[in-house]
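Trainee: Numbering (this note's numbering), first residue to last: 967 to 1254.
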């Protein structure tokens, strides 16, 4: 009931409030070649999910594919008068042909994504009072709700707070403290995360250093139903990025085309104990 009430209240606020001009839509194409992995040497626990023994740059073999993958990420951000909206969807193997029930594909067409809505009581209070409140390093605190979707696994919810920090050397930084609520497990977990971005110029070239991390502090406990043999463990996931604006030197519109790398580090991936990932991915980003 609490989750549904928060979701409905946030949607109503979005529809009834005027939009701000700040917005953005962008695509990210990532490729991880898995140079150190050997497909004949996988440490498996159930025949479906496994880690390449000795590999240092490969995804786990799982429901999305094998160690080498291509991922297309679609993202959008929209600020409105009393909060923000952010959505993303990652598609594994976006260029594969449609072949029904073909599990031999290296990339199996899975998707992973979510929609986040925030609502700022501070901005509402400022509107009523007719003045801005100055909180020093803490620029805003918002109610946060996220609906996350994973192919073959379903949806889970996050609800809590987002803390926006005014760090002078950064473009932005926020910290989230949320409850992770997955109906596949009996309990919930307390999850902490942060995201940041820093734009800078070196010589005549423009760069972006950005990223985020999320960690589940306690684990969600025993699984339910068909998931009863599993357990939701603590986890950690981080994805720092380093990007170069290569559109600028070729006289394309600056701030539109980027190339670089994303490094994914994961511990207990998908809440599964012992599943780690250490993957460096080449990356191209297009800001529409």
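Even for Gly, the Cβ is constructed at its ideal location relative to N, Cα and C. Since we're looking at a predicted model, the values are computed, not measured.
Please determine if the region 1146 to 1166 and the region 1087 to 1096 are in contact, where contact requires at least 3 C-beta pairs separated by less than 8 Å.
Mentor: no
Trainee: Note down the Cα distance separating residue 1222 from residue 1039, rounded to an integer number of angstroms.
Mentor: For the pair residue 1222 and residue 1039, the Cα-to-Cα distance works out to about 16 Å.
Trainee: Under DSSP, the alpha helix (DSSP H) around residue 1088 begins and ends at which residues?
Mentor: First-last of the alpha helix (DSSP H) with residue 1088: 1087 to 1095.
Trainee: Around the Cβ of residue 1242, are there at least 16 other Cβ atoms within 10 angstroms (buried) or fewer (exposed)?
Mentor: exposed
Trainee: Can you tell me which of 1227, 1108, 1049, 1196 puts its alpha carbon nearest to the alpha carbon of residue 1205?
Mentor: For residue 1205, the nearest C-alpha among the options comes from 1227.
Trainee: CB residue 1018 to CB residue 1033, shorter than 8 Å?
Mentor: yes
Trainee: What does the alpha-carbon distance come out to for the pair residue 1006 and residue 1158?
Mentor: 37 Å
Trainee: Excluding the 5 residues flanking residue 1176 on each side, which residues of the same chain have their C-beta closer than 6 Å to its C-beta?
Mentor: 1163, 1207
Trainee: Could you give the residue range of the beta strand (DSSP E) that holds residue 1042?
Mentor: 1035 to 1046
Trainee: Do you know how far the Cα of residue 1234 is from the Cα of residue 1028?
Mentor: 13 Å
Trainee: Once you ignore the five residues that flank residue 1050 on each side, which residues in its own chain have a CB closer than 6 Å to its CB?
Mentor: 1084
Trainee: Label residue 1154 either buried or exposed according to how many other C-beta atoms from any shown protein chain fall within 10 Å of its C-beta, with 16 as the threshold for buried.
Mentor: Classification of residue 1154: buried, given that the 10 Å Cβ count is 16 or more.
Trainee: I need the boundaries of the beta strand (DSSP E) containing residue 1192, first residue and last residue.
Mentor: Unbroken run through residue 1192: none, as it is neither H nor E.
Trainee: Helix, strand or coil for residue 1019 per DSSP?
Mentor: coil
Trainee: Can you name the residues that DSSP bridges to residue 1115?
Mentor: Note: residue 1115 sits in a beta bridge opposite 1079, 1121.
Trainee: Could you check whether the Cβ of residue 1192 sits closer than 7 Å to any heavy atom belonging to the ligand SAH?
Mentor: This structure lacks the ligand SAH; in fact it carries no ligand of any kind.
Trainee: In terms of residue numbering, what span does the beta strand (DSSP E) encompassing residue 1178 cover?
Mentor: 1171 to 1182
Trainee: Hey, could you find the ends of the beta strand (DSSP E) residue 1205 is sitting in?
Mentor: Following the DSSP letters along the chain, one finds residue 1205 in no beta strand (DSSP E), marked with neither H nor E.
Trainee: Tell me the residue span of the beta strand (DSSP E) that contains residue 1151.
Mentor: Taken as a continuous stretch (DSSP letters only), residue 1151 belongs to no beta strand (DSSP E), as it is neither H nor E.
Trainee: Would you mind giving the Cβ-Cβ distance between residue 1036 and residue 1061, rounded to the nearest angstrom? I have them listed as a contact below 8 Å.
Mentor: Between residue 1036 and residue 1061 the beta-carbon gap is near 7 Å, inside 8 Å, which marks them as a contact.
Trainee: Would DSSP call residue 1235 helix, strand or coil?
Mentor: helix
Trainee: What three-state label does DSSP hand residue 1200 in the structure shown?
Mentor: Reduced to three states, the DSSP call for residue 1200 is coil.
Trainee: Using 10 angstroms around the beta-carbon of residue 1003, count the other beta-carbons present and answer buried if the total reaches 16, otherwise exposed.
Mentor: So residue 1003 ends up on the buried side.
Trainee: What is the DSSP secondary structure of residue 1228, counted as helix, strand or coil?
Mentor: strand
Trainee: Between the alpha carbons of residue 1121 and residue 1113, how many angstroms are there, rounded?
Mentor: Their backbone Cα atoms lie some 7 Å apart in a straight line.
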